[in-house]
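Step one of this worksheet: look at the structure below.
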Amino acid sequence: MASGSAIVTDSRLGESALRSLVDGLALIDNQGQVAFWNPRAETLLIWTADEMRGLRVNEMIERVAGRVSAPDAVRAELAAAFLPEAAETTIDIDLLPGADHSNRIVQVHVFPLCDPNGSQIGTGILLRDVTRERESDAMKSQLLSTVSHELRTPLASIKGFATTLLRQDVKWDEATERDFLRIIDDETDRLAEIIDNLLDMSQIEAGALRISKEPTQLRQLIREAVDEMRMRTEAHYFVVDLPAELPRVLIDPRRIRQVLHNLIGNAIKYSKGGQISVACEVEGDHVVVSVSDQGDGIPAQFLDKVFERFFQIDGASTRRVGGSGLGLAISRGIVEAHGGKIWVESTVGQGSTFRFTLPLATNEATE
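Using the numbering used here, the first residue of the sequence shown is number 87, and each one after it goes up by one.
See the structure below:
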């Protein structure tokens, strides 16, 4: 027979374990009152144990409903979960933004507590933060949707023009055949770009993006990138503004060229014409590179979102040019892997300027 001290010790161990759970836990006694509210529940719902203990179920539900974005629906679902005949119930609730202004999704699992004879003696509530899981699910769905849409378009063109060239009943002249082959070549490049973007994004998400830094002449890199992108448009003209003295930067040249291609490519796609400016200035121990266009601009509420993966502003220009919505997210990942930062300044109707910083190479002479 266990001694009284052993029973007390076991009780303390049990309560300590409940308090240390990584999930939130609340216990409702057979009188319908909150008997236990662990620290994780406090963190998730911002109600302390002292504030919650002793509340009746309907009072607890009202407090929880006050923390969510859809109070009426949550109130109804939780009330149904606590009915005597209810089975185990799991619902997701979207919490209102907290002090950190982030949205959080909490999974609420309501289950009966029974004694060894199977008689219900109360109710348990498990609270689990599933925000990342839901974001991951949403990202996977968006990925499938984006990939299927973006791959289908170039594949359809390649298939269509290849099939046309293979027709035996039509004789195409050399100029037409070259046009068809050029389209097939362009669409193949587009497919390769989409696949490369997906691979880069997966490496960035996994923290496995490989960066090989070396002291690099940024002046030459910028001019080469501009010359390469200049061939993609006849509607724009380019202005390159570089300081007379420009130190070397410590970068992976291939990756930074990729960033420049993304930013200049966007400037071409999202402006109908006009000037595209690429500039650079030295500030302390880093340089600031900027790419400006004279396009439609970006509404202020989207300035912080444009670097999110798959984010695209709904508008005529976006629908016209398409795209996977990964270019800016990849650019941010590359710049941050170099220890820099990237941001955008924009005025609707006047254009946008994307800027990013790069570290200077130490003990390097200026170019």
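Just so it is clear, CB atoms sit at the ideal spot from N, CA and C, and this is done for glycine as well.
query                                                                                                                                                                          : result
State the start and end residues of the unbroken beta strand (DSSP E) segment that holds Gln193.                                                                               : Arg190 to Cys200
Do the stretch 314 to 323 and the stretch 294 to 302 touch if we need at least three Cβ pairs shorter than 8 Å?                                                                : no
Between Phe442 and Ala292, what straight-line distance do the alpha-carbon atoms span, to the nearest angstrom?                                                                : 22 Å
Using CA coordinates, which residue listed in Glu431, Val373, Arg153 and Leu414 is at the minimum distance from Ala447?                                                        : Val373
Just the Cα atoms here: how many angstroms apart are Glu263 and Thr250?                                                                                                        : 10 Å
What runs of the beta strand (DSSP E), each 3 residues or longer, lie entirely inside the stretch 108 to 143?                                                                  : 110 to 115 and 120 to 123
Is it the case that the stretch 306 to 316 contacts the stretch 425 to 440, given that we only count it when at least three CB pairs across the two stretches are under 8 Å?   : no
Taking buried to mean at least 16 other C-beta atoms within 10 Å of its own C-beta, is Ala156 buried or exposed?                                                               : exposed
Put Thr319 into one of helix, strand or coil per three-state DSSP.                                                                                                             : coil
Quick one: which unbroken beta strand (DSSP E) runs of 3-plus residues sit fully inside the stretch 260 to 328? Chain order, please.                                           : 300 to 302 and 322 to 327
Ignore the nearest five residues each way along the sequence and tell me which others in Ile362's own chain have a CB closer than 6 Å to its CB.                               : His322, Phe324, Ala353 and Asp379
Determine which residues share a DSSP beta bridge with Glu431 and list them.                                                                                                   : Thr439
Beta carbon of Leu307: closer than 7 Å to some heavy atom of the ligand SAH?                                                                                                   : The model on display carries no ligand, and the ligand SAH is accordingly not part of it.
Going by DSSP, what residues sit across from Val375 in a beta bridge?                                                                                                          : Cys366 and Phe442
Let me make sure I understand the geometry here. Which of Asp327, Arg341 and Val377 has the alpha-carbon closest to that of Ile350?                                            : Val377
With a cut-off of 8 Å, do at least 3 Cβ pairs link the stretch 265 to 272 to the stretch 384 to 398?                                                                           : no
On the CB-based measure, 16 or more other CB atoms within 10 Å of its CB, does Pro240 come out buried or exposed?                                                              : buried
Can you say whether Lys391 is buried or exposed, counting buried as having 16 or more other CB atoms within 10 angstroms of its CB?                                            : exposed
Tell me which same chain residues have a C-beta within less than 6 Å of the C-beta of Gly110, skipping the five on either side of it?                                          : Arg126, Ala127, Leu130 and Leu213
With DSSP as the reference, please indicate the residues paired to Gly208 in a beta bridge.                                                                                    : Asp115 and Leu199
DSSP three-state label for Ile350, please.                                                                                                                                     : helix
Who are Leu336's beta bridge partners in DSSP?                                                                                                                                 : Pro301
Please report the straight-line C-alpha distance between Val364 and Gly370, rounded to a whole angstrom.                                                                       : 20 Å
Count the other C-beta atoms from every protein chain shown that fall within 10 angstroms of the C-beta of Pro183, then say buried if there are 16 or more, exposed otherwise. : exposed
Buried or exposed: where does Leu199 fall if 16 or more other Cβ atoms within 10 Å of its Cβ makes it buried?                                                                  : exposed
Within this structure, are the beta carbons of Phe122 and Leu104 separated by less than 8 Å?                                                                                   : yes
Run the CB neighbour count on Leu164, radius 10 Å, all protein chains shown included, and call it buried at 16 or more, exposed below.                                         : buried
Could you tell me the distance, in whole angstroms, from the CA atom of Glu314 to the CA atom of Ile179?                                                                       : 50 Å
Would DSSP call Leu412 helix, strand or coil?                                                                                                                                  : coil
I'd like the list of long-range same chain contacts for Ala451, defined as Cβ closer than 7 Å, with 5 residues on each side in sequence excluded.                              : Low confidence applies here, because Ala451 scores a pLDDT of 45, under 50, leaving its location unreliable and the question unanswered by this model.
For Leu444, count neighbouring Cβ atoms within 10 angstroms of its own Cβ and tell me buried if that reaches 16, exposed if not.                                               : buried
So the candidates are Leu412, Gly152 and Phe168; which of them puts its Cα closest to the Cα of Leu113?                                                                        : Phe168
Are Leu237 and Ile280 closer than 8 Å when you measure CB to CB?                                                                                                               : yes
According to DSSP, is Ile179 helix, strand or coil?                                                                                                                            : strand
Since Glu163 is in the alpha helix (DSSP H), which residue starts that stretch and which ends it?                                                                              : Pro157 to Ala167
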